[in-house]
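The structure appears right after this line, and notes come after that.
Residue numbers (this note's numbering): 10 to 289.
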């Protein structure tokens with residue numbers, strides 16, 4: 010849960026500082042320094058901290074400590090080809106392309122929208138409110154959502170994100186805008202959190218790394234395309250009113266994908282394989 014809340018904590022701590030730095034200089038001057046900071050703070054430490062698998066660090070795949078004399082872990086789950094071709098995997102992956110495209114686009118354009126409709130100080134506070142709401146909602150969701158069918162949870166969250174994004178685009182008062190941002194923030198972290206949980210729940214841990222990596226790779230088309238689409242709509246289709254309504258419709262399309270994917274708790278195609286068999 011701690012790791013799942015850290016992206017939003019970064020939004021609270023890092024984003025305001027980065028915005029201040031860019032405002033004080035300009036994007037062209039700030040970008041090289043931000044790139045250097047990312048290299049020193051993320052890329053280099055990550056290179057030395059990555060391990061090939063939990064076993065090499067003395068842990069089972071679920072994170073529990075592994076005794077030295079413990080038998081080889083037997084992993085259960087769906088084989089890779091079966092999982093990759095399943096309706097659930099295709100629907101969830103496409104759903105995340107749409108839902109995260111809408112989400113990331115909405116987040117990326119939020120400061121400019123808030124500055125247009127309020128002022129710079131209020132826009133900075135809007136970003137802070139979004140991140141704080143995401144942290145709190147994600148911590149609550151991590152406790153509550155496992156009690157319910159995960160496919161239904163992600164569908165409801167994507168629908169809620171639909172209304173939140175549309176409301177942001179159509180809000181022109183501070184109260185309405187911040188109410189919409191709070192609802193949006195409550196969906197942001199939880200939608201992101203549920204992607205690995207859905208895949209692990211449906212397909213088990215046997216092929217989880219490959220399946221999650223593939224799903225995330227395809228999802229990049231959404232996270233990269235969403236901000237571009239909203240920016241293009243802002244320039245050519247009537248401003249942020251249209252852009253955020255379209256983002257809401259993208260999230261609704263994602264919700265439909267999640268709804269037709271089927272339950273995440275279906276484990277009828279799970280098999281078992283040892284770590285050595287998977288390595289081979």
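Here a beta-carbon is modelled for each residue, glycine too, at the ideal position from N, C-alpha and C. This structure is a prediction, so every number in the text was calculated from the model and none was measured.
Simplified DSSP assignment, three categories, for residue 85 = Correct three-state label for residue 85: strand.
In terms of residues, what are the limits of the alpha helix (DSSP H) holding residue 244?
-> 217 to 245
Are residue 198 and residue 144 close, meaning C-beta to C-beta below 8 Å?
-> yes
Around the C-beta of residue 215, are 16 or more other C-beta atoms found within 10 angstroms, so that it is buried, or is it exposed?
-> buried
Leaving out five residues on either side along the sequence, give the residues of the same chain with a beta carbon under 8 Å from the beta carbon of residue 210.
-> 159, 273 and 274
Between the CA atoms of residue 122 and residue 32 - distance to the nearest angstrom = 16 Å
Selection from 110, 189, 168 and 161 that minimises the alpha carbon distance to residue 225 = 110
Give me the Cα-Cα distance between residue 42 and residue 270, rounded to the nearest whole angstrom.
-> 43 Å
Segment contact, 8 Å Cβ cut-off, at least three pairs: the region 170 to 184 with the region 254 to 269 | yes
Just mark residue 189 as buried or exposed, buried being the case when its beta carbon has 16 or more other beta carbons within 10 Å.
-> buried
From residue 30 to residue 132, what does the alpha carbon distance come to, in whole angstroms?
-> 15 Å
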